[in-house]
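The sequence shown begins at 91 in the numbering used here and counts up one residue at a time. Just so it is clear, CB atoms sit at the ideal spot from N, CA and C, and this is done for glycine as well.
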Amino acid sequence: MKKKQIRRMLRKAFQTAGADKIIGSYLIVFFVCAIPIWLIEPHIHSYIDSLWFCFASATSIGYGDVVAVTLVGRIITVVLSVYSIAVIAIVTAVITSFFTDLARFRANESVREFVDELEHLPELSKEELENLSQRVKDFQKKR
């Protein structure tokens, strides 16, 4: 399978699971949360600083160089942090599921090829028969 196909399939997996909408809405919430933080928190003097604070909070890094001191700022920080953890969990689950399905697909494809070779056994050359025999031995060793 080519990288381009894998990227297309991964994009489709995100769309099927609705994760693309979740990520899009998360980005909107992230940038919107930065606005009240910027306006309310006394130690945050620019929107860029507010985005930095939101990033540090969302990634659970929390450097401590800037902290929320107002009640509203703390509530927004908690909501953004919890939402970030949930989005990261969803993205991780979609990617894990995708690669599990991809591995299953490749295994099924190998089985189909193997069965096809068995169906045409009399037509195979000596080298192809030896190769098939070696694959059977390798498979038995793995079990």
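DSSP, reduced to helix, strand and coil, places A146 within a helical segment of the structure shown. For P126, the uninterrupted alpha helix (DSSP H) segment begins and ends at A109 to I130. Secondary structure at T182: helix, using DSSP grouped into helix, strand and coil. Between S147 and S171, the beta carbon gap of about 5 Å places them in contact (Cβ cut-off 8 Å). Note that the C-beta distance between L100 and F195 is not below 7 Å.
Counting along the chain, V226 sits inside the alpha helix (DSSP H) bounded by residues K216 to K232. Each residue's CA atom was taken as its position, placing G154 and W142 some 11 Å apart. Cβ-Cβ separation between Y116 and V177: approximately 5 Å, consistent with a contact (criterion under 8 Å).
V184 is positioned such that its CB atom lies closer than 7 Å to that of A103. Distance from the CA atom of T160 to the CA atom of V169, rounded to whole angstroms, is 14 Å.
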